[in-house]
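The numbering of the sequence shown is the UniProt record's numbering, which starts it at 1 and goes up by one.
What follows is one structure encoded as structure tokens, with my remarks underneath.
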Amino acid sequence: MSVQQDLLDLGDLFNFCDLSTFTQNIPIEWVASALDLSSQATIRRRRLPADQVLWLVLGMALFRDEPVHEVARRLNICAQGLASDHLLARSGLTEARKRLGADPVEWLFRKTGTQWGAERYDGDAWHELQVFAVDGALLRTPDTPELRDHFGSGNTPSDRQTPFPMLRLVALMNVRSHVILDAQLSPYRRSEMRLADEFLQQIPDHSVTLFDKGFWGAELLSSLSSAGSNRHWLIPAKKGMVCEEVTRYSQHDRWVRMKVSPQARKRNPTLPTHWEAREVSYEIQGKLKTVMTSLPANAYNAKAVAKLYQERWEIELGFRDIKSSMQQNAVTLRSKKVDLVYQEVWGLLLAYNVIRREASQAAVAFGRAPSDIRFKPACQYIAVQLIVMAAANPISATGRRLAELRAGIGGLFLDHRPRPSRPRTVKISKTRFPVDRKAAPLK
1 MSVQQDLLDL GDLFNFCDLS TFTQNIPIEW VASALDLSSQ ATIRRRRLPA DQVLWLVLGM
61 ALFRDEPVHE VARRLNICAQ GLASDHLLAR SGLTEARKRL GADPVEWLFR KTGTQWGAER
121 YDGDAWHELQ VFAVDGALLR TPDTPELRDH FGSGNTPSDR QTPFPMLRLV ALMNVRSHVI
181 LDAQLSPYRR SEMRLADEFL QQIPDHSVTL FDKGFWGAEL LSSLSSAGSN RHWLIPAKKG
241 MVCEEVTRYS QHDRWVRMKV SPQARKRNPT LPTHWEAREV SYEIQGKLKT VMTSLPANAY
301 NAKAVAKLYQ ERWEIELGFR DIKSSMQQNA VTLRSKKVDL VYQEVWGLLL AYNVIRREAS
361 QAAVAFGRAP SDIRFKPACQ YIAVQLIVMA AANPISATGR RLAELRAGIG GLFLDHRPRP
421 SRPRTVKISK TRFPVDRKAA PLK
């Protein structure tokens with residue numbers, strides 16, 4: 001009975017050895033189904049059963065600056081008393097993680113992401129459509145022969161490999177709540193577009209999905225629009241794109257026809273020779289930008305479409321929260337085995353969703369939008385509360401602890417300060433040496 005009954009009601013974590021209070025948001029059936037995928041089944045009564053190892057993986061994501069054995073001690077993850085070096089050997093933690101494997105953590109992440117990512121909040125819709133974004137990121141692993149052989153790495157301009165092996169992550173995120181619905185992990189050599197193909201069917205109906213320019217392709221975008229109901233996309237126009245105007249709505253808004261590349265038709269012979277989309281241009285900082293979309297002109301004006309694409313940056317902020325706030329700008333992940341690397345990253349994504357969901361619930365309780373919560377302070381606050389509540393008593397005070405937790409997170413809102421009316425300028429720093437203002441800039 002672990003990791004189950006209300007993963008979000010973190011105030012109920014009075015004892016990690018008795019997690020019978022975790023059933024509201026992560027039902028017991030989900031955890032049981034996830035643990036059935038464990039790589040090694042056993043009937044032996046262990047000091048680190050699979051359910052508590054699952055909590056250890058989540059704790060590793062919240063306490064990146066601490067070794068794994070210290071995470072287990074802080075959160076009292078042990079089935080036979082207080083976690084300590086006398087009960088839990090450091091090598092035993094690694095072996096317990098190997099027994100669990102990566103599949104249970106991945107399954108639980110996908111299950112929770114599907115449920116939490118599609119949740120609706122007041123005011124989170126754009127013209128009655130949910131807004132999602134797809135993008136990719138790279139994570140570095142320790143440099144060992146096994147990891148370099150499996151994950152691979154990029155090449156430098158001198159044809160030498162990059163210092164660390166790299167793992168590719170492609171994610172589907174709810175732009176307004178920042179919860180990750182689905183993700184794909186792979187070695188560096190696989191492309192982001194092929195990874196995105198695997199979860200396009202997970203995108204809910206009545207939505208618009210924002211893509212980076214690297215996902216441009218007739219096959220991917222057409223399949224998104226044709227599957228489901230009222231599913232739209234928005235992506236920057238390809239540089240040097242050749243198209244034929246079909247209908248012009250205004251000076252910077254038109255419907256165009258483009259050829260499908262021979263490579264795409266060879267990969268998918270069912271594709272037509274041509275496909276059509278809407279082209280919207282807008283000016284930003286004196287430069288003309290162009291985006292392509294499936295949103296019809298009779299329902300969504302060009303100005304609103306152009307403004308919407310600026311929200312694609314929200315998924316970049318989500319990746320920053322994972323790599324900077326949770327990983328604390330660590331150069332590499334901590335695991336040194338292929339299966340444990342995947343397990344660590346799935347646990348990282350699951351812990352990220354837990355924090356985002358708890359922050360969203362706290363924001364709603366205060367009448368604010370989920371994206372108004374500052375992620376890094378919320379992550380640190382929850383991590384501290386986990387340590388305190390790992391051995392807190394009495395049980396009857398759990399309701400009060402939960403209220404205090406939500407109240408604490410509710411005080412971490414972003415300040416929406418207006419932009420200064422004056423243009424930004426770079427000021428020369430004070431120096432006691434003369435400055436040649438006519439000197440050529442350094443190149």
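Using N, Cα and C, we set each Cβ at its ideal position, and we do this for glycine too.
By DSSP's assignment, Arg257 forms a beta bridge with Glu244 and Glu276. For the alpha helix (DSSP H) assignment, the uninterrupted runs of no fewer than 4 residues enclosed by the stretch 173-252 are, from N- to C-terminal side, 192-197 and 218-226. In the structure shown, Arg320 falls within a helical segment according to DSSP collapsed to helix, strand and coil.
For Glu314, the three-state secondary structure derived from DSSP is helix. Nearest neighbour of Val338 by Cα position, chosen from Leu349, Thr141, Asp65 and Glu95, turns out to be Thr141.
Across the structure, Arg267 and Ala196 are spaced so that their CA atoms are roughly 16 Å apart.
A direct Cα-Cα distance of roughly 15 Å separates Asp122 from Arg357. Between Asp321 and Val280, the C-beta spacing is not below 8 Å. By the Cβ neighbour-count rule, Ile284 is exposed, with fewer than 16 other Cβ atoms within 10 Å of its own. Excluding its 5 nearest sequence neighbours in each direction, Ala330 has C-beta neighbours in its own chain below 7 Å: Arg64, listed in chain order. For Met60, the enclosing alpha helix (DSSP H) begins and ends at Ala50 to Leu62. DSSP places Lys287 within a strand segment (E or B) once states are collapsed to three. Ranked by how close their Cα comes to the Cα of Gln328, the residues Cys243, Glu276, Arg248 and Pro377 have Pro377 in first place.
Note on Leu54: 16 or more other CB atoms within 10 angstroms of its CB, so buried under the neighbour-count rule. Phe132 and Asp182 have their C-alpha atoms spaced approximately 11 Å apart. Under the Cβ criterion (8 Å, minimum of three pairs), the stretch 298-309 does not count as touching the stretch 339-352. A contact between stretches requires three or more CB pairs, one per stretch, nearer than 8 Å, and the stretch 239-254 fails this requirement with the stretch 220-231. Exposed is the label assigned to Trp313, since fewer than 16 other Cβ atoms lie within 10 Å of its Cβ. For Asp339, the enclosing alpha helix (DSSP H) has its first and last residue at Val338 to Ala365. In the three-state reduction of the DSSP assignment, Gly92 falls in the helix class. By the Cβ criterion, the stretch 104-117 is not in contact with the stretch 286-296, since fewer than three pairs of Cβ atoms, one from each stretch, lie closer than 8 Å. Residue pairing for Phe132: DSSP places it in a beta bridge opposite Asn174 and Thr209. Within its own chain, the residues whose Cβ lies closer than 6 Å to the Cβ of Lys336, once the five positions on either side in sequence are excluded, are Pro142 and Thr144, listed in chain order. By the Cβ rule, the stretch 206-214 counts as touching the stretch 223-238, because three or more pairs are nearer than 8 Å.
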